[in-house]
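Line order of the protein sequences matches chains H and S. Using this note's numbering, read the first sequence as starting at 9 and increasing by one per residue. Using this note's numbering, read the second sequence as starting at 49 and increasing by one per residue. Cβ atoms here follow ideal geometry from the backbone N, Cα and C, with glycine treated the same way. All values reported here derive from a predicted model rather than from experimental measurement. In what follows, a single structure is set out as structure tokens and then discussed.
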Amino acid sequence: MEKHFLSDFVHGEQTFRAEPWYNPQGDCIVYQTADEAIIRDRIDETLTIYRSAIDERPIGFQIKDVIAIIKKFGLYGLVVQSQARGDTIKSVCLSALLLAAYEDGPKNIKRRLGYADALTPAPSWCVPMPSLCES
Amino acid sequence: MRTPSNYVCETVDPENPGGPKTGIVILADYYTRLYKYFPVQYENLRAVRWVLTYPERIFWGVRVYSEGGWCYVGRPDEWHVKQSVIAPFPKHFVFAVYVNPRRELFEYGAEKADPDDPLSPVDWQGRYGGLIWKSTS
């Protein structure tokens with residue numbers, strides 16, 4: 009196997025972490041439950057389900073345009089448990105964000121099944137947001 | 049061991065495809081996170097670099113609410129399906145690499161290919177602003 013082109017820049021233990029995280033470069037929340045290659049299954053403009061490249065079972069999801077969703081629906085119900093400080097978002101509730109995104113589109117079976125896949129592994133995670141993300 | 053720094057992949061400039069190549073940045077924070085917590089995704093940065101080096105299609109308008117950004121599409125020969133397991137990249141799929149308007153990598157993975165154009169993601173006409181470049185080779 010050819011040496012990884014980034015191997016000189018990384019070191020230390022590798023431990024898979026099945027926790028959602030906010031990716032500021034993509035303004036998206038990413039949640040992956042298995043350390044396997046991803047097949048991206050786009051459900052709609054907001055949700056993409058990650059399927060395992062081994063057996064196509066759902067292994068996570070990506071929620072896109074997080075800031076836009078928060079701006080559209082407001083802080084109430086999304087930024088929960090009083091983790092908003094001033095106008096700086098500290099964390100968002102993943103399941104509430106998914107439900108808001110679902111509300112924002114047409115009702116059809118593909119979306120219903122896709123959001124069900126996303127909500128199944130999505131517990132009531134609160135996802136920390138970088139302090140630069142202002143409402 | 050060197051201090052992590054942003055890595056730049058040379059590729060077709062989406063705003064001037066016939067001109068000089070441009071750089072797409074893989075941020076150090078991003079690949080360090082992948083290395084630590086998502087080892088398979090880290091390994092598949094090899095496929096990202098391959099697609100940026102040998103793109104087949106470039107699409108613009110990858111988001112509804114955010115302007116800008118591009119999707120580079122290609123087909124690597126192989127990829128990591130789980131840790132230490134390398135497999136041929138599957139038929140009827142493409143590898144999509146998403147780049148934001150600042151030309152930073154933010155997402156990638158396999159997607160089903162369009163039955164009418166096996167080098168484009170399925171339903172690309174309804175998902176993106178449009179096709180801006182395709183390989184002629």
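Approximately 4 Å separates the beta-carbon atoms of proline 65/S and tryptophan 181/S; this is inside 8 Å, confirming the contact. In the displayed model, isoleucine 62/H falls within coil according to three-state DSSP, outside both helix and strand.
Proline 87/S: member of the alpha helix (DSSP H) spanning 87-91, first to last residue.
Between the C-alpha atoms of phenylalanine 13/H and serine 168/S there is a straight-line separation of about 27 Å. By the criterion of at least three beta-carbon pairs nearer than 8 Å, the region 108-117 of chain S is not in contact with the region 83-92 of chain S.
Listed along chain H are Ala45 and Ala61, each with a C-beta nearer than 9 Å to that of tryptophan 127/S. At a Cβ-Cβ threshold of 8 Å, leucine 102/H and valine 135/H count as neighbours. Using a CB distance below 8 Å, the part of the region 79-93 of chain S facing chain H consists of Tyr79, Thr80, Arg81, Tyr83, Lys84, Tyr85, Phe86, Pro87, Val88, Gln89, Tyr90, Glu91, Asn92 and Leu93, ordered along the chain. For aspartate 125/H, no chain S residue has a Cβ inside 8 Å of its Cβ, as the nearest lies near 16 Å away. Chain S has a Cβ within less than 8 Å of the Cβ of leucine 14/H.
A Cβ-Cβ distance of about 13 Å is found for the pair glutamate 159/S and isoleucine 51/H, leaving them out of contact under the 8 Å criterion.
If the five residues before and after glutamate 104/S are omitted, its C-beta is found closer than 6 Å to the C-beta atoms of Val121, Gly122, Leu167 and Ser183, all from its own chain and listed in chain order. For glycine 67/S, there are no C-beta contacts with chain H under 8 Å, since the nearest C-beta of that chain is about 25 Å from it. Restricting attention to alpha helix (DSSP H) runs no shorter than 4 residues, the region 99-139 of chain S encloses none. At a cut-off of 8 Å between beta carbons, phenylalanine 107/S makes no contact with chain H. Across the structure, glycine 113/H and leucine 55/H are spaced so that their CA atoms are roughly 11 Å apart.
One finds Asp43, Glu44, Ala45 and Ile62 in chain H with Cβ atoms closer than 8 Å to the Cβ of lysine 130/S, taken in chain order.
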